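Below: one structure, written as structure tokens.
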Amino acid sequence: MAGKFKFSFGPWNIHEGADPFGPTVRKSIVFNRKLAFYKKLGFDGVQFHDDDAVPDMNRLTPEQIVKKAGAVKRALDVQGLTAEFVAPRLWEDPRTVDGGYTSNDPKCRAYALERSKRCVDIANALGTNLIVLWLAREGTYIREAKDSAWATDRILDALNVMLAYDRNIRIAIEPKPNEPMDHTYIPTTGHAIALGFRSIDPVRVGVNIESAHAILAGLDPSDEMGFALSFDKLWTVHLNDQNGLKFDQDKTFGAVDLRRAFNQVRILDRHNYGANGEFVGLDVKAMRTQKDDVATKHLQNSRAIFLRLLEISRSLKEDKLQVMIKARDYEELEIYIVNRLLGKR
Ligand code: XUL
Ligand code: MN
Numbered sequence: 018m019a020g021k022f023k024f025s026f027g028p029w030n031i032h033e034g035a036d037p038f039g040p041t042v043r044k045s046i047v048f049n050r051k052l053a054f055y056k057k058l059g060f061d062g063v064q065f066h067d068d069d070a071v072p073d074m075n076r077l078t079p080e081q082i083v084k085k086a087g088a089v090k091r092a093l094d095v096q097g098l099t100a101e102f103v104a105p106r107l108w109e110d111p112r113t114v115d116g117g118y119t120s121n122d123p124k125c126r127a128y129a130l131e132r133s134k135r136c137v138d139i140a141n142a143l144g145t146n147l148i149v150l151w152l153a154r155e156g157t158y159i160r161e162a163k164d165s166a167w168a169t170d171r172i173l174d175a176l177n178v179m180l181a182y183d184r185n186i187r188i189a190i191e192p193k194p195n196e197p198m199d200h201t202y203i204p205t206t207g208h209a210i211a212l213g214f215r216s217i218d219p220v221r222v223g224v225n226i227e228s229a230h231a232i233l234a235g236l237d238p239s240d241e242m243g244f245a246l247s248f249d250k251l252w253t254v255h256l257n258d259q260n261g262l263k264f265d266q267d268k269t270f271g272a273v274d275l276r277r278a279f280n281q282v283r284i285l286d287r288h289n290y291g292a293n294g295e296f297v298g299l300d301v302k303a304m305r306t307q308k309d310d311v312a313t314k315h316l317q318n319s320r321a322i323f324l325r326l327l328e329i330s331r332s333l334k335e336d337k338l339q340v341m342i343k344a345r346d347y348e349e350l351e352i353y354i355v356n357r358l359l360g361k362r
């Protein structure tokens, strides 16, 4: 079966270019102006952190938060856009310095759970039931700081709190092995899916696979996707690219390793990804060197590369592939694929 694809990104993917060693290099664009870019760039879905939708939410009451999120929903409707998911931002508040759900301070853990419930409220107001959970600071800088068995139990408790708070929401865990932490708990797809099966409602826990995160874990993103697809757990993706084992680069999809990108497109397409409304999310960042007027090209280019690789994958001759596979002539298979990627028939 062939997938049908619609694309999404988050407002953080149009950004000012600051990095840990230098300030912003581009002007800020207000949220409503960012929304105007989506359709023009070929995107239909908007991904949110809770405070992308409701800035300064910690100063507001739950009722005020829902009201403000309602205004964002109306702005989406005006543009004909869909909210794909909302993710609780549990890594900027002083109470999350040592993690949220796995903090050693019970007051900080309580804050993380309350914030997660507000995130669910925002998702409802925006008209989506998908929560993405990137476990940013749920980890350690040194092994002795936390107990990894208790940490796992606490993350499981947090999943259960959210699942019980709203019987309709689904949670897609976005695994990442490191950064900002030295080691993060739930570093891979396998960990995330296993944890979901221990929750009070395993049917409502799945994953968001980001290419760069899988690469940082030393894994092949398309195989991670295949694993999740086999469990019916791939509810969204964060496609991008990554040049080796360094900081999370969020480069344009396919810009480093075209063949690795090709195999991600191929596994999604072969397994009918998108048939249940899943979006192809692009978690890509513009290079710091991009000037203001050309700082959305990474999004447009990532989508174009995806579609071009899709075309190539669909044009492969299945009978030819089967002959090579049957003969176990993988050298022939390799040159066939490489030639197609080089545009040779
Ligand atoms: C962090 C990352 C986040 C999540 C959403 O590496 O990828 O942007 O995708 O919280
Ligand atoms: Mn991501």
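In my numbering, the protein residues as written are 18 to 362. Backbone N, C-alpha and C fix where the C-beta goes; we use that ideal spot for every residue, glycine too. No experiment lies behind these values; they were computed from the predicted model shown.
- About 5 Å separates the beta carbon of Ser-216 from that of Val-222, a gap short enough to meet the 8 Å contact definition.
- Three or more Cβ pairs closer than 8 Å define a contact, and the segment 60 to 77 falls short of that threshold against the segment 322 to 333.
- Distances from the alpha-carbon of Gly-261 to those of Phe-279, Leu-236, Glu-349 and Val-311 put Leu-236 closest.
- When distances are taken from the beta-carbon of Asp-300 to the heavy atoms of the ligand MN, the shortest one is below 6 Å.
- With respect to the C-alpha of Gly-207, the residue from Met-179, Tyr-182 and Gly-243 having the closest C-alpha is Gly-243.
- Taking 7 Å as the cut-off, the Cβ atoms of Phe-270 and Leu-256 count as close.
- Leu-150 and Phe-60 have their C-alpha atoms some 22 Å from each other.
- Here the distance from the Cβ of Ala-104 to the nearest heavy atom of the ligand XUL is below 6 Å.
- When secondary structure is reduced to three states using DSSP, Phe-24 falls in the strand class.
- Taken from the Cβ of Glu-155, every heavy atom of the ligand MN lies 6 Å or farther away.
- The segment 157 to 165 and the segment 195 to 213 touch, with three or more beta-carbon pairs separated by less than 8 Å.
- The nearest non-hydrogen atom of the ligand XUL is less than 6 Å from the C-beta of Glu-227.
- Here the alpha carbons of Asp-218 and Phe-323 stand approximately 34 Å from one another.
- Here DSSP, grouped into helix, strand and coil, assigns Asp-258 to strand.
- Beta-bridge partners of Leu-150 (DSSP): Ile-190.
- One thing to note: Gln-281 has its Cβ within 7 Å of the Cβ of Ser-239.
- DSSP places Val-355 within a helical segment (H, G or I) once states are collapsed to three.
- In the DSSP annotation of this structure, the continuous segment of the beta strand (DSSP E) that includes Val-224 starts and ends at 222 to 227.
- Contact between Gln-64 and Glu-101 is confirmed by a C-beta separation of about 5 Å, below the 8 Å threshold.
- Distance between Val-224 and Ala-209, taken at the CA atoms: about 7 Å.
- Boundaries cannot be given for Gly-144, as no alpha helix (DSSP H) includes it and DSSP labels it neither H nor E.
- Taking 7 Å as the cut-off, the beta carbon of Arg-126 is found no closer than this to the beta carbon of Ser-133.
- For Lys-268, DSSP records a beta bridge to Asp-258.
- For His-255, the shortest C-beta to heavy atom distance toward the ligand MN is below 6 Å.
- Per DSSP, the beta bridge partners of Asp-36 are Gly-39.
- Closer than 6 Å to some heavy atom of the ligand XUL: that does not describe the Cβ of Trp-167.
- With respect to Thr-313, Phe-48 sits apart: the two C-beta atoms are not nearer than 7 Å.
- Using a 10 angstroms sphere on the CB of Gln-81, the tally of other CB atoms stays under 16, which defines it as exposed.
- With fewer than 16 other Cβ atoms inside 10 Å of its own Cβ, Ser-247 counts as exposed.
- For Ala-209, the uninterrupted alpha helix (DSSP H) segment begins and ends at 206 to 214.
- CA-to-CA, the gap between Leu-173 and Glu-131 works out to about 15 Å.
- For the pair Pro-28 and Asp-69, the CB atoms are nearer than the 7 Å cut-off.
- Annotation: the continuous alpha helix (DSSP H) that includes Ala-53 extends over 48 to 58.
- In the three-state reduction of the DSSP assignment, Gln-81 falls in the helix class, which pools H, G and I.
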